[in-house]
Amino acid sequence: MENHDVIIIGAGPAGLAAAICLQENGVKDVVVLEREWQAGGAPRHCGHYGFGWESHRRMTTGPKFAARMTNAASGIDIRTATTVLEFTMRNALRVHSSKGIYDMSAKRIILATGTREQTGAARFIGGRRLSQVMNSGTLQQHVYLKNQKPFLRPAIIGNEWVTFSALMTCKHAGIKPIGIFAEELKLDVPWFFPMGAGLRYGVPTHTNAKLVSINGQSHVESIEIERKGKRTVVECDGVILTGKFQAEVSLLAARRAMPPFSAVMPAQAAMPIFENASQVQAEARMRETDDIRILGNARGTVYTAGRCVVEARNAAEALVKELR
Amino acid sequence: MNKRFDIAVIGGGAVGLAILRRLAMSGLSCVLLEKGADILSGASKGNSALLHTGFDAPAKSLELQCMKAGYAEYLAIRQALNLPLLETGAVVTAWSPEDFAALEAIVTKAHANGITDVKRLTPTELRMREHQLSKQALGGVLVPGEHVIDAWSAPLAYAHQAIAHGAVILRNTHVLQAKFVNEEWHLAGISARIVINAAGLYGDHVEALARPSPFTIHPRKGQFVVFDKPAAKLVRSIILPVPNERTKGVVLFRTIYGNLAIGPTAEDTDERETPSTDSATLQTLRSRALEMLPALKNINVTAVYAGLRPATERKDYIIEALPDQNWITVSGIRSTGLTGSLGIAQYVAKLYAKNFGKLPKKPPTPILTPVPNLAEHAIRPYMKGGEIVCHCEWVTRGEIETACSGPLPAGNLGGVKRRTRALMGRCQGYYCGAEVTSIFAKAGHGKP
């Protein structure tokens, strides 16, 4: 079986930053596993500005940021199109690539598997399963990677930064949303965001407006919004479900069938978990042990790529000391 | 394409496809007319995909007869066609003293139905078998023969085998009119000697082409909640409730894809097209699952879906021949249709032979058309390499491309999903939605 000092799962901002930092500090035997065809992670399909301030003191777009990180990691063994199937032992993995399945182990395994938005199914939104209902991450892939326009007048659901990022993705593709609908009473963004959405893009923001169902037979025709106990039907041709991020830590969840791990919390694991972190995420954090670390937004946070990079660097530096 | 056939089957669901297969393999020339963009787009799309023994079916019913025959044929052909089978057994579980009192009658009925391995479990045996089940479970009846199958790959295999035997499947073909002239039916641009109505949720509408329909379809909706894969390790058997007159009740079952699901509800509805879910019912289902299996509380929901059962005012299946109209009615096939389909097909073949002339004496040697495996517990394509596109369900590019080609390529994105499992996992297409859409679009067999 292949054996390494460190295996990093996920070549997004956190994974790459940790790999670079480890190499720079003399931990040479590092492998990064990435299931997509390209390294870079989610910023690859975030075509808008706002990346890199915390880490590089320069703002750029997602794809450029992803390219910068990937270039900096050019000397590192990054295996793309490689999927981690499962942990076979606490420090060993079963991995899939085009060549087949193989096992590998390491002194330390880092999970930098990122985060994704909660699906419509998990939100228990009533209605049918229609292909014009998607998360903003999927919309970004349609727009920035595939040049597809899945709808023309969608409703945007959510109250977070990414809600307004979805609006920018729409603008980029020439899609005109009918409005932003937030179930919450208050938005989780600065006050000028909804104002800008209204003034600059002509898209109104509604708070205390809960999406109760999505209507349509074969495609989205309208949504039903509940506001102060009153329901109204709003016409649209798509729904973008934004935010409610969940750490993608199913690799750890799948380990339930295995003998229990010692739940030692390493020192640097004392970062706050966001309130919206689900119980599974909290549990995954509890399962973080000396051999397995979680970095970046897989910790249940929703930080910017730049902040993930900074924190991953710090964690990697601590790891270097341990491995010496 | 030849436009004259012996048989035209209306409806490309599990039942229609099984009939098509049986008659095509008997040497008749057959065509199937399906209104949807793909097969399995009506009642067959959303069910619990269980292989039932018939232990609780009404005694001496046609339903029981077809289920038993279907069950036997499924097991007989499953290896040749690569049809999945997850042998779980089922436990009818009593959650109240009333339930508990009904258990003995369930065993008696099962034995009368010929399912003789059904037996009572003591509370200890139940606990030993299902140790994660809530303490509220008072006792149970073990039905060793109830298993988990896949709602989609079996009917797809029937379709492929029918095509291999010369049958033609026409999709996007809505039968609104039909004329019966000189012992021949003319419909949807083709003609056929005999028409078989297997139109499922539209069975009464199609029946009206031959006669004033003696039955009406009263669709019954079932909603389901699917939990993420770690949940499947929490139970061994299918957990059935004590059934009532109207429905088999809400079932907790492992799926062939390695998940755990709860459902279906039984709601009368006017919807005949794609049914909708509603958030209150889904919440209730999830709570019910947590009551039965407390360890589920930490496990995320992967998917929700709803299906429709084409119930009629009658309790039994309606399968009959109208000799004067060259017509065979196959309707009111409710929740047991997936298990019953192969048995129904045998029964229809007998009806044909009795009323419309003998089946060819020497049927052709069966041509085998094994389907790609979708079952989590068996060998899957990614294990041999390839590029994984759907990261949740580990579906390879090769599988998706295969689903978009061949004699019956997926007619829409739902068809790709049904043939491969792509888009079905915990991210519901967050990661691979755009990629799968472009593979489908590139193949050019329909609109996403």
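Just so you know, the protein sequences line up as chains A and B, in that order.
Take any residue in the first sequence, note its place counting from 1, add 2, and you have its number in the working numbering.
Take any residue in the second sequence, note its place counting from 1, add 681, and you have its number in the working numbering.
Here a beta-carbon is modelled for each residue, glycine too, at the ideal position from N, C-alpha and C.
These figures come from a predicted structure and were not determined experimentally.
Check: My output table needs one value for residue 143/A: the three-state DSSP class, helix, strand or coil.; Outcome: helix
Check: Excluding the five sequence neighbours on either side, which residues of its own chain have a C-beta within less than 6 Å of the C-beta of residue 150/A, listed in chain order?; Outcome: 144
Check: Determine contact between the stretch 29 to 43 of chain A and the stretch 75 to 83 of chain A, defined as no fewer than three beta-carbon pairs at a distance below 8 Å.; Outcome: yes
Check: Helix, strand or coil for residue 1122/B? Go by DSSP, reduced to three states.; Outcome: helix
Check: Pull the bridge partners of residue 915/B from the DSSP assignment, please.; Outcome: Bridge partners of residue 915/B: none, in fact.
Check: So with CB distances below 7 Å, who are the chain A contacts of residue 1069/B?; Outcome: 37, 85, 98
Check: Report the partner residues of residue 986/B according to the DSSP bridge assignment.; Outcome: 905/B
Check: Alpha carbon to alpha carbon, how far is residue 206/A from residue 237/A?; Outcome: 14 Å
Check: Quick one: is residue 911/B near chain A, going by C-beta distance under 9 Å?; Outcome: yes
Check: Decide if the stretch 848 to 859 of chain B is in contact with the stretch 306 to 315 of chain A; the criterion is three or more beta carbon pairs, one per stretch, under 8 Å apart.; Outcome: no
Check: Tell me, which residues are paired with residue 85/A by DSSP?; Outcome: 98/A
Check: Identify the contact partners of residue 66/A in chain B, using a Cβ-Cβ distance below 9 Å as the criterion.; Outcome: Going along chain B, no residue has its Cβ under 9 Å from residue 66/A, so there is no contact; the nearest lies around 21 Å.
Check: So with CB distances below 7 Å, who are the chain A contacts of residue 1054/B?; Outcome: Correct list: empty, because the minimum Cβ distance to chain A is about 16 Å.
Check: Does any residue of chain B bring its CB to less than 9 Å from the CB of residue 307/A?; Outcome: no
Check: Would residue 40/A count as contacting chain B if we go by Cβ distances under 9 Å?; Outcome: no
Check: Among residues of its own chain, excluding the 5 on either side of residue 153/A, which ones have a beta-carbon nearer than 6 Å to its beta-carbon?; Outcome: 134, 239, 240
Check: Out of curiosity, what's the CA-to-CA distance linking residue 980/B and residue 255/A?; Outcome: 9 Å
Check: Could you tell me whether the stretch 1059 to 1071 of chain B touches the stretch 786 to 799 of chain B, where touching means 3 or more Cβ pairs closer than 8 Å?; Outcome: no
Check: Check the DSSP bridge columns for residue 228/A and list the partner residues they point to.; Outcome: 212/A, 233/A
Check: Residue 973/B: which of 774/B, 1077/B, 1001/B, 753/B sits nearest, CA to CA?; Outcome: 774/B
Check: Show which residues of chain B have a CB atom less than 9 Å away from the CB atom of residue 121/A.; Outcome: 982, 983, 984, 1107, 1108, 1109, 1110, 1111
Check: Between the Cα of residue 976/B and the Cα atoms of 806/B, 813/B, 802/B, 961/B, which residue gives the shortest distance?; Outcome: 813/B
Check: Express the C-alpha separation of residue 932/B and residue 302/A in angstroms, rounding to a whole number.; Outcome: 33 Å
Check: From the DSSP output, which residues share a beta bridge with residue 8/A?; Outcome: 32/A, 110/A
Check: Suppose only complete runs of 3+ residues qualify. What are the beta strand (DSSP E) ranges in the stretch 1027 to 1104 of chain B, listed by chain order?; Outcome: 1069 to 1071
Check: Less than 6 Å between C-beta atoms, sequence neighbours within five positions excluded: which residues of the same chain meet that for residue 872/B?; Outcome: 685, 865
Check: Starting from residue 55/A, follow the alpha helix (DSSP H) in both directions and report where the run begins and ends.; Outcome: 55 to 58
Check: Within 8 Å: the Cβ of residue 945/B and any heavy atom of the ligand SAH?; Outcome: Ligands displayed in this structure: none; no statement on the ligand SAH is therefore possible.
Check: Could you work out which residue in 875/B, 901/B, 929/B is closest to residue 987/B when comparing CA atoms only?; Outcome: 901/B
Check: Quick check on residue 248/A: does DSSP put it in helix, strand or coil?; Outcome: strand
Check: Step through the CB atoms of chain A and report whether any lies within less than 9 Å of the CB of residue 1073/B.; Outcome: yes
Check: With 16 other CB atoms within 10 Å as the buried threshold, where does residue 136/A fall?; Outcome: buried
Check: Quick check on the DSSP output: the alpha helix (DSSP H) that includes residue 966/B runs from which residue to which?; Outcome: 960 to 973
Check: Along the beta strand (DSSP E) that carries residue 686/B, what are the first and last residues, could you check?; Outcome: 685 to 691
Check: Under 7 Å Cβ to Cβ from residue 21/A, same chain only, skipping five residues before and after it: list those, please.; Outcome: 10, 32, 34, 75, 78
Check: Could you give the uninterrupted runs of the alpha helix (DSSP H) lying entirely in the stretch 703 to 775 of chain B, keeping only those of 4 residues or more?; Outcome: 743 to 762
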